[in-house]
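Data first, discussion second: the structure below is written as structure tokens.
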Amino acid sequence: MAKRKSPYFDDFNRMVECSCKAAEHLKKTLREFSPETFEEKCELMHQIENEEDDVKHEMMERLAKEFIPPIDREDIIDMSHHLDNVTDKIEEIVMRMHMYNVQTLRTDANTYADIIVKMCDKLKIAVEEFPNFHKSTTLKEKIIEINTIEEEGDRLYMTAVRELFEQESDPMQIFAWSKIFDLMEDCCDACEHVANVMEMVIMKNG
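Residues -17 to 188, numbered by the numbering used here, are exactly what the sequence shown covers, in order.
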């Protein structure tokens, strides 16, 4: 009889799909930048975030009753936490833009959104391969790709914040965009944390 795949890996896939959906929604929101629609955009983003929360709650309830999970409990908890954090940070970006009444979009924000979409897409590919961590010949390479994009995000963060302080004189704009760029960087970091959990699982089970 073929070994049945653990539902936890399906849950990880469902969660990362929500992250990808949120990233695309962020990209679309910035490409079609319109402060008048931010409240509506926030609501749509919140629906995506709630969908992922539901998956996480189901997973935690199952884990509480699980006798022998497919990987260590703490790794399942860490993986779900960081996946959820990716979407939480993306949602907060849109929320902060609405709360801070951002009226003009900085060019770096679109570039950052592209990086977040790219990271989430790469993360999805890695998570899809994760059930095969025992014998996969490609998972480590996919993790390295995520780390490489995160470094790209680090470089953009430094450039974006420096240019903000060089070019902007309005303290309110500096405050708002500093927070927004921080969240974008946090989002990239959360993606890397998911990759780090997968890498740790490979090492512990190698």
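Cβ coordinates follow ideal geometry from the N, Cα and C atoms, glycine included.
Note that this is a predicted model, so its numbers are computed, not measured.
Heavy atom of the ligand NAD within 7 Å of residue i beta-carbon
i, result
"Thr11", "Among the components of this structure there are no ligands whatsoever, and the ligand NAD is therefore not found."
Cβ neighbour criterion (16 or more within 10 Å) applied to residue i
i, result
"Met61", "buried"
"His116", "exposed"
"Lys124", "buried"
"Met(-3)", "buried"
"Asp(-8)", "exposed"
"Ala46", "exposed"
"Glu34", "buried"
"Phe147", "exposed"
When the options are compared against residue i, the one with the closest alpha-carbon
i, options, result
"Ile75", "Phe163, Met101, Arg137, Thr86", "Phe163"
"Asn32", "Lys3, Glu43, Phe49, Val84", "Lys3"
"Glu167", "Ile97, Met(-3), Lys186", "Ile97"
"Trp159", "Gln29, Met77, Lys186", "Met77"
"Cys102", "Val68, Arg137, Arg(-4)", "Val68"
"Cys0", "Ala91, Leu105, Phe15", "Leu105"
"Met42", "Pro52, Phe112, Glu34, Ile59", "Ile59"
"Thr86", "Phe112, Gln155, Ala5", "Gln155"
"Glu145", "Arg88, Lys161, Pro17, Arg44", "Arg88"
Whole-Å CB distance - residue i paired with residue j, under 8 Å assumed
i, j, result
"Glu174", "Asn114", "At roughly 21 Å, the Cβ-Cβ gap does not stay under 8 Å, so Glu174 and Asn114 are not in contact."
"Leu12", "Asn83", "Leu12 to Asn83, Cβ: 16 Å. No contact."
"Val99", "Phe(-6)", "Contact flag wrong, Cβ pair sits at about 19 Å."
"Leu65", "Val176", "6 Å"
DSSP state of residue i mapped onto helix, strand, coil
i, result
"Ile50", "coil"
"Val176", "helix"
"Asn83", "coil"
"Glu14", "coil"
"Ser1", "helix"
"Asn92", "helix"
Mind pulling the alpha helix (DSSP H) runs of 4 or more residues that sit fully within the segment 108 to 161? Along the segment 108 to 161, the alpha helix (DSSP H) occurs as fully enclosed runs of 4 or more residues at 121 to 149, listed in sequence order.
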